[in-house]
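All remarks here apply to the structure that follows.
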Amino acid sequence: MSSSGRGIVIVGDSIAGCTAARELRARGHGGPLTMIGADADGCYARPPLSKHVLKGEAAEAETWDLSDLDITTIGDRAVSVDTESRTVSTAGGTHVPYDSLIVASGAAARRIAGPDQAGETVLRTFDDVRALRPKLEAASTAIIIGAGFLGMEVASACVSRGIEVTVVDVDPPLKRLLGSFLSDAISARAEDASVRFVRTESPVSLSGRPVTGVEFAGRTLEADLVVTCAGDVPETAWLAGAGIADDRGVAIDERCATACSGVFAAGDVAYSRTGPGRAPFWSNAVAQGKVAAASALGIEPACAPTDDYFWTEILGLSIKVVGPLPLDGKPTVLEGSVQQGSALLQWNHRDGRTTVVAFGIKKPVGLLRRLTRGSVAATNQGIHS
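Take 34 as the starting number for the sequence shown in the numbering used here and just add one per residue.
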């Protein structure tokens, strides 16, 4: 079947889904293209929500306009897929046929509240941000469950408003991915900003109905605001019984193909069959969206399905990372000083790969990528560019 006659359906108006849609048209697909998405706010960028929108630096989410792509959009939730008849069904009873399907349904915030416990606050969507903003304005104390990227970004938003913050987690902040060296530096910066860290080896549960605090190891902590930042869960319920998803998400190969013919996946819902697991970063979602689109058309992808780049901003400190994670041991300091909050760092992994981190220092991503591909000597002249 030619690309002009092939009907392609994308489930999910995430960055992966939107990237796939734009790539399909850019690579010559002139046939029917349908996007199914349940978010009432449509297509928008999620990374800035916790970095800029929550702190009030931006009033609205950054939306994406796909009107130039001639897409049929269905604002509804996909509830099932029949891979034999090649049909996706929605909650409203619409049945959408496809020749190729791209699963880009993303992930939902992981919740820890009990089944009858109301008032849990999470941050995943723009609607979550709208709900959290007035709570931040009214709070003088906050507890953040989870010291990962999202947890530390929410803690930063609290600090910017003068809210007393306690962060609860098993490990020090970001240690699981960034290692002890950077975790110690981030901890010191946070403690200077009066952020309190509480570590626990016991499971954390929410207390109060509605939620007023947390319980762990026989202790109870209370605050005006409690935010759960405990990771995410792949949105795969609608794929039940189709043989596409498992408890880790949707397994994909190097062409973003799933175990089912004609079905591809990209973004936070997907994980590599040969990799360590999901890597729910914006850059990976973009790369996989492009690869899934090309694969759905039966043509060669223009890039790899992974892109080891991400960035965060914690307490006014920008951190850009290019290269594989996690990080182990101490880095080579290429420039600056971590203690002064401005450094260019390099980790050399045992498998020969390299990770470069711009820690509070302004460096273009292109330079960081070049440093991961070549030796320090070969790229040293470009460090100050």
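Idealized CB from N, CA, C, for every residue including glycine.
Closer than 7 Å by C-beta to residue i: which residues in its own chain qualify, once you throw out the five before and the five after it? Chain order, please.
i	result
residue 402	355
residue 110	71, 123 and 124
residue 216	205, 206, 207 and 208
residue 159	74, 77, 82 and 94
Name the two residues that bound the continuous beta strand (DSSP E) containing residue i.
i	result
residue 344	342–347
residue 130	128–130
residue 378	375–381
residue 351	350–355
residue 232	229–232
residue 246	246–249
residue 141	140–142
residue 254	252–255
residue 201	197–202
residue 394	Where residue 394 is concerned, there is no enclosing beta strand (DSSP E), given that its DSSP letter is neither H nor E.
residue 304	303–305
In terms of residue numbering, what span does the alpha helix (DSSP H) encompassing residue i cover?
i	result
residue 193	182–193
residue 315	315–330
residue 48	48–59
residue 339	Here residue 339 belongs to no alpha helix (DSSP H), and DSSP marks it neither H nor E.
residue 161	159–171
Nearest to residue i by alpha carbon, out of the options?
i	options	result
residue 316	296, 212, 75 and 300	300
residue 168	399, 398, 142 and 258	258
residue 42	67, 138 and 367	67
residue 366	380, 119, 175 and 308	380
residue 179	40, 236, 218 and 221	236
residue 343	372, 308, 262 and 313	313
residue 74	85, 103 and 97	97
residue 399	341, 373 and 384	341
residue 231	253, 245 and 87	253
residue 89	61, 138, 166 and 139	166
residue 286	219, 260 and 311	311
residue 376	351, 327 and 323	351
residue 274	114, 78 and 256	114
residue 44	130, 309 and 84	130
residue 307	320, 159, 291 and 319	291
residue 212	150, 233 and 388	388
What is the DSSP secondary structure of residue i, counted as helix, strand or coil?
i	result
residue 277	coil
residue 363	coil
residue 83	helix
residue 294	coil
residue 399	helix
residue 116	coil
residue 176	strand
residue 220	helix
residue 283	strand
residue 264	coil
residue 43	strand
residue 99	coil
residue 269	coil
residue 239	strand
residue 405	helix
residue 108	coil
residue 417	For residue 417, the predicted structure reports a pLDDT of 47, less than 50, and the residue's modelled location is therefore unreliable. A value from the coordinates is still provided. In the structure shown, residue 417 sits in coil (DSSP, three-state: anything other than H, G, I, E or B).
residue 147	coil
Cα separation between residue i and residue j?
i	j	result
residue 407	residue 82	34 Å
residue 242	residue 152	7 Å
residue 174	residue 197	5 Å
residue 293	residue 80	31 Å
residue 46	residue 251	42 Å
residue 128	residue 105	13 Å
residue 58	residue 65	10 Å
residue 226	residue 187	14 Å
residue 278	residue 157	22 Å
residue 55	residue 99	8 Å
residue 145	residue 333	42 Å
residue 35	residue 63	Confidence at residue 35 is low in this model, with a pLDDT of 34, below 50, so the placement of that residue is unreliable and no value is reported for it.
residue 374	residue 239	35 Å
residue 349	residue 189	8 Å
residue 266	residue 93	25 Å
residue 281	residue 264	13 Å
residue 371	residue 223	14 Å
residue 353	residue 385	21 Å
residue 119	residue 276	13 Å
residue 150	residue 357	39 Å
residue 107	residue 137	14 Å
Going by beta carbon distance, what residues of the same chain come within less than 6 Å of residue i, once the five residues before and after it are set aside?
i	result
residue 295	133
residue 325	53, 135, 289, 297 and 299
residue 453	Because the chain here runs from 34 to 418, residue 453 falls outside it and cannot be looked at.
residue 255	245 and 246
residue 39	64 and 132
Does residue i have its Cβ less than 8 Å from a Cβ in chain D?
i	result
residue 111	The structure shown contains no chain D; it is built from a single protein chain.
Could you name the residues of the same chain whose beta carbon sits closer than 8 Å to that of residue i, not counting the 5 residues immediately before and after it, in chain order?
i	result
residue 220	205, 206 and 230
residue 395	351
residue 337	287, 320 and 324
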